[in-house]
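Trainee: Encoded as structure tokens, here's the structure I'll be asking about.
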Amino acid sequence: SQTIHQWPATLVQPVGSPLSLECTVEGTSNPNLYWYRQAAGRGLQLLFYSVGIGQISSEVPQNLSASRPQDRQFILSSKKLLLSDSGFYLCAWSNMGQGTWEQYFGPGTRLTVT
Amino acid sequence: AQTVTQSQPEMSVQEAETVTLSCTYDTSESDYYLFWYKQPPSRQMILVIRQEAYKQQNATENRFSVNFQKAAKSFSLKISDSQLGDAAMYFCAYKKGGSEKLVFGKGTKLTVNP
Numbered sequence: 047s048q049t050i051h052q053w054p055a056t057l058v059q060p061v062g063s064p065l066s067l068e069c070t071v072e073g074t075s076n077p078n079l080y081w082y083r084q085a086a087g088r089g090l091q092l093l094f095y096s097v098g099i100g101q102i103s104s105e106v107p108q109n110l111s112a113s114r115p116q117d118r119q120f121i122l123s124s125k126k127l128l129l130s131d132s133g134f135y136l137c138a139w140s141n142m143g144q145g146t147w148e149q150y151f152g153p154g155t156r157l158t159v160t
Numbered sequence: 003a004q005t006v007t008q009s010q011p012e013m014s015v016q017e018a019e020t021v022t023l024s025c026t027y028d029t030s031e032s033d034y035y036l037f038w039y040k041q042p043p044s045r046q047m048i049l050v051i052r053q054e055a056y057k058q059q060n061a062t063e064n065r066f067s068v069n070f071q072k073a074a075k076s077f078s079l080k081i082s083d084s085q086l087g088d089a090a091m092y093f094c095a096y097k098k099g100g101s102e103k104l105v106f107g108k109g110t111k112l113t114v115n116p
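Each protein sequence line maps, in turn, to chains A and B.
This note's numbering puts the first residue of the first sequence at 47, with every later residue one more than the last.
This note's numbering puts the first residue of the second sequence at 3, with every later residue one more than the last.
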């Protein structure tokens with residue numbers, strides 16, 4: 047079965063510091079991967095998605111970037127965090143090549159920028 | 003642009019009763035998918051049920067069923083025999099066929115009273 051991991055679970059960082067959130071998927075090959083952000087009391091906003099290694103599409107221009115160094119690894123980064131980067135970050139996967147067109151989410155990372 | 007509207011910010015139901023959560027969407031596409039996700043206090047997004055727009059039959063997953071009214075662009079979720087563990091935020095989501103992007107509504111907070 048497929049599982050998706052995210053770490054860290056919780057992070058508190060000062061303004062101006064760098065960020066690296068990691069997501070890995072097990073049990074599937076060549077998945078599509080996604081990063082979402084959820085602000086307090088709101089729905090999810092798609093930030094980035096990737097259909098393959100090194101292929102990143104950005105949905106919202108912002109202070110963040112994403113990379114996919116390996117097939118099942120997706121990283122969300124920032125060089126300098128802003129207060130507005132605080133939120134709950136969710137990674138998700140799908141695999142349309144295997145008929146899995148719905149998206150499955152990881153446990154999330156709660157980021158607080160102070 | 004596609005939009006998803008959940009008009010009920012909060013709902014409550016008595017344990018063992020039935021509740022219906024509303025969702026409407028706006029699209030000019032004919033190929034699309036609709037989803038309901040549950041987000042419990044742990045904040046992990048859990049897929050509850052999915053519906054392909056080309057299917058006329060309403061999807062059902064155990065105690066969860068949908069009422070898909072394509073012409074009215076309505077996609078409501080019915081929870082039967084409500085349980086305390088059903089208490090969560092529920093998000094309706096839309097995905098255009100061939101697109102990677104899930105568009106979420108703002109959510110409905112469901113409270114289950116014992």
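Every residue gets a Cβ at the ideal spot worked out from N, C-alpha and C, and that includes glycine.
If you're wondering where the values come from, they're calculated on a predicted model, not measured in any experiment.
So, using beta-carbon positions, are residue 23 of chain B and residue 37 of chain B closer together than 9 Å?
Mentor: Against the second sequence, residue 23 of chain B aligns to sequence position 21. Against the second sequence, residue 37 of chain B aligns to sequence position 35. Not closer than 9 Å, so no.
Trainee: Mind listing the chain B neighbours of residue 141 of chain A? Cutoff is C-beta to C-beta under 9 Å, in chain order.
Mentor: To locate residue 141 of chain A, count along the first sequence from 1; it is residue 95. Going along chain B, no residue has its Cβ under 9 Å from residue 141 of chain A, so there is no contact; the nearest lies around 12 Å.
Trainee: Is the CB of residue 103 of chain A under 9 Å away from at least one CB in chain B?
Mentor: Walking along the first sequence from the start, residue 103 of chain A turns up at place 57. Yes, its Cβ sits closer than 9 Å to a Cβ of chain B.
Trainee: Of all the CB atoms in chain B, is at least one closer than 9 Å to the CB of residue 153 of chain A?
Mentor: On the first sequence, position 107 is the one that residue 153 of chain A refers to. Taking Cβ atoms only, chain B reaches closer than 9 Å to residue 153 of chain A, which makes this a yes.
Trainee: Which residues, in order along the region 66 to 95 of chain A, keep a beta-carbon less than 9 Å from a beta-carbon of chain B?
Mentor: Within the region 66 to 95 of chain A, the qualifying residues are 78, 80, 82, 84, 87, 88, 89, 90, 91, 92 and 95.
Trainee: Tell me the DSSP secondary structure of residue 142 of chain A in three-state form.
Mentor: Here residue 142 of chain A is taken as the residue at index 96 of the first sequence, counted from 1. The answer is helix: DSSP assigns residue 142 of chain A an H, G or I state.
Trainee: Helix, strand or coil: which one does DSSP assign to residue 14 of chain B?
Mentor: The residue you call residue 14 of chain B lines up with position 12 of the second sequence. Correct three-state label for residue 14 of chain B: strand.
Trainee: Along the region 23 to 50 of chain B, what residues have a CB closer than 9 Å to any CB found in chain A?
Mentor: The region 23 to 50 of chain B vs chain A, Cβ under 9 Å: 35, 37, 39, 41, 44, 45, 46, 47, 48 and 49.
Trainee: Between residue 129 of chain A and residue 61 of chain A, which are expected to be in contact by the criterion C-beta below 8 Å, what is the C-beta distance as a whole number of angstroms?
Mentor: For this step, residue 129 of chain A is matched to residue 83 along the first sequence. For this step, residue 61 of chain A is matched to residue 15 along the first sequence. Rounded, the Cβ-Cβ distance is 6 Å, consistent with contact.
Trainee: Since I believe residue 96 of chain B is in contact with residue 6 of chain B (beta carbons under 8 Å), could you give me their beta-carbon distance rounded to a whole number of angstroms?
Mentor: Taking the first residue of the second sequence as 1, we reach residue 6 of chain B at position 4. Taking the first residue of the second sequence as 1, we reach residue 96 of chain B at position 94. Residue 6 of chain B to residue 96 of chain B, Cβ: 5 Å. Contact.
Trainee: Taking only beta-carbon atoms, is residue 120 of chain A less than 9 Å away from chain B?
Mentor: Locating residue 120 of chain A in the first sequence gives position 74, where the first residue counts as 1. No, its Cβ sits nowhere closer than 9 Å to a Cβ of chain B.
Trainee: Quick one: which unbroken beta strand (DSSP E) runs of 3-plus residues sit fully inside the region 52 to 124 of chain A? Chain order, please.
Mentor: Here the runs fully enclosed are 56 to 59, 65 to 72, 78 to 84, 90 to 98, 101 to 104, 111 to 116 and 119 to 124.
Trainee: Strictly below 7 Å CB to CB, what residues from chain A border residue 104 of chain B?
Mentor: As a working note, residue 104 of chain B is residue 102 in the second sequence. Per Cβ cutoff of 7 Å: 92 and 149.
Trainee: Which two residues bound the contiguous beta strand (DSSP E) that contains residue 95 of chain B?
Mentor: Against the second sequence, residue 95 of chain B aligns to sequence position 93. Where residue 95 of chain B is concerned, the enclosing beta strand (DSSP E) stretches over 90 to 98.
Trainee: Could you tell me if residue 131 of chain A is buried or exposed, where buried requires 16 or more neighbouring beta carbons within 10 angstroms of its beta carbon?
Mentor: Reading the first sequence from its first residue, position 85 is the one you call residue 131 of chain A. It is buried - the Cβ of residue 131 of chain A has at least 16 other Cβ atoms within 10 Å.
Trainee: Could you check the C-alpha separation between residue 8 of chain B and residue 104 of chain B for me, to the nearest Å?
Mentor: Translated into the one-based positions of the second sequence, residue 8 of chain B becomes position 6. Translated into the one-based positions of the second sequence, residue 104 of chain B becomes position 102. Going from the Cα of residue 8 of chain B to the Cα of residue 104 of chain B covers about 15 Å.
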